[in-house]
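Presented below is the structure to which this report refers.
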Amino acid sequence: MMSRNPSAGLDNTLFQLKFTSKQINKQAQKAAKEEKQEANKLKKALNESEEIARLYASNSVRKRNERLQLLKLASRVDSVASRVQTAVTMRQVSGSMAQVCRGMDKALQSMNLQQITMIMDKFEQQFEDLDTSVNVYEDMGANSDAVVIDNDRVDELMNKVADENGLELKQSAALQDVADVPATAEAASEEKELKLAQRLKALRG
404 MMSRNPSAGL DNTLFQLKFT SKQINKQAQK AAKEEKQEAN KLKKALNESE EIARLYASNS
464 VRKRNERLQL LKLASRVDSV ASRVQTAVTM RQVSGSMAQV CRGMDKALQS MNLQQITMIM
524 DKFEQQFEDL DTSVNVYEDM GANSDAVVID NDRVDELMNK VADENGLELK QSAALQDVAD
584 VPATAEAASE EKELKLAQRL KALRG
């Protein structure tokens with residue numbers, strides 16, 4: 404049976420949202436640390452085995468992608484928390500929104516990233532008339548826990564680390580193909596993506 408006051412009990416949801424955002428950001432920091440660790444392993448492996456070095460490079464790229472996805476999801480959670488607060492303040496909480504909140508509490512407590520992403524999708528539908536900027540994240544959905552490794556980026560990272568340390572790699576065909584790729588391309592793309600997420604977060608208060 405629905406409560407006469409749909410906004411009742413949403414304080415706990417707001418707390419869970421803020422707590423979840425902090426936890427996701429911690430996971431992103433952990434991924435960043437592991438990304439650096441794998442890059443350091445790559446540096447050492449370059450003198451030993453190109454095959455092992457490629458494995459570490461692949462792991463580092465995977466952690467980088469994971470970190471970006473976590474930062475995007477944390478930004479979405481922050482956005483939803485802000486909109487819930489606004490809806491409660493303006494007494495615009497609908498019955499359907501209250502139902503989504505119940506499902507959200509369970510997902511947030513489990514820290515299941517895929518479930519959290521699905522709940523964010525449902526909640527954003529409740530606010531389409533208030534905020535349409537979430538379309539930037541429309542592709543976050545089902546791919547939240549599936550990270551595809553780009554072999555070109557792996558080769559690029561291996562070459563970058565080798566150049567920084569004055570090392571020479573065995574000139575395989577794959578490495579020659581990416582020899583002229585600017586080492587800063589990935590960093591520039593990553594920085595642009597992070598700045599966009601930060602600007603959206605700032606706009607949402």
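All letters in the sequence shown, in the order written, are residues 404 to 608 by this note's numbering. By construction, the Cβ of each residue, glycine as well, lies at the ideal position given by its N, Cα and C atoms.
Do residue j and residue i have their beta-carbon atoms positioned less than 8 Å apart in this structure?
{"i": "Arg470", "j": "Glu438", "result": "yes"}
{"i": "Lys446", "j": "Asn568", "result": "yes"}
Determine the direct distance from the alpha carbon of residue j to that of residue i, and round the result to whole angstroms.
{"i": "Thr416", "j": "Ala431", "result": "22 Å"}
{"i": "Met561", "j": "Asn554", "result": "11 Å"}
{"i": "Ser424", "j": "Asp558", "result": "33 Å"}
{"i": "Leu420", "j": "Arg457", "result": "38 Å"}
{"i": "Leu449", "j": "Arg467", "result": "20 Å"}
{"i": "Lys475", "j": "Met514", "result": "15 Å"}
{"i": "Met507", "j": "Gln601", "result": "24 Å"}
{"i": "Ser463", "j": "Gln512", "result": "29 Å"}
{"i": "Asp524", "j": "Val564", "result": "39 Å"}
{"i": "Arg479", "j": "Asp566", "result": "38 Å"}
{"i": "Gln528", "j": "Glu454", "result": "47 Å"}
{"i": "Ala477", "j": "Arg465", "result": "18 Å"}
{"i": "Thr489", "j": "Leu597", "result": "25 Å"}
Please go through the same chain and pick out, in chain order, the residues whose beta-carbon is closer than 7 Å to the beta-carbon of residue i, but skip the five residues on each side of it.
{"i": "Lys444", "result": "Tyr459"}
{"i": "Lys429", "result": "none"}
{"i": "Gln426", "result": "Met514"}
Excluding sequence positions up to five away, which residues of its chain have a Cβ less than 8 Å from the Cβ of residue i?
{"i": "Ala510", "result": "Gln518, Ile519, Met521 and Ile522"}
My assumption, with CB atoms under 8 Å, is that residue i sits in contact with residue j. Please give the rounded CB distance.
{"i": "Phe418", "j": "Val483", "result": "Not a contact, Cβ separation roughly 13 Å."}
Give me, in chain order, the residues of the same chain whose beta-carbon lies closer than 6 Å to that of residue i; leave out the 5 immediate sequence neighbours on both sides.
{"i": "Phe422", "result": "none"}
Please classify residue i: is it buried, with 16 or more other beta-carbons within 10 angstroms of its beta-carbon, or exposed?
{"i": "Asp481", "result": "buried"}
{"i": "Ser461", "result": "buried"}
{"i": "Gln472", "result": "buried"}
{"i": "Lys436", "result": "exposed"}
{"i": "Ser452", "result": "exposed"}
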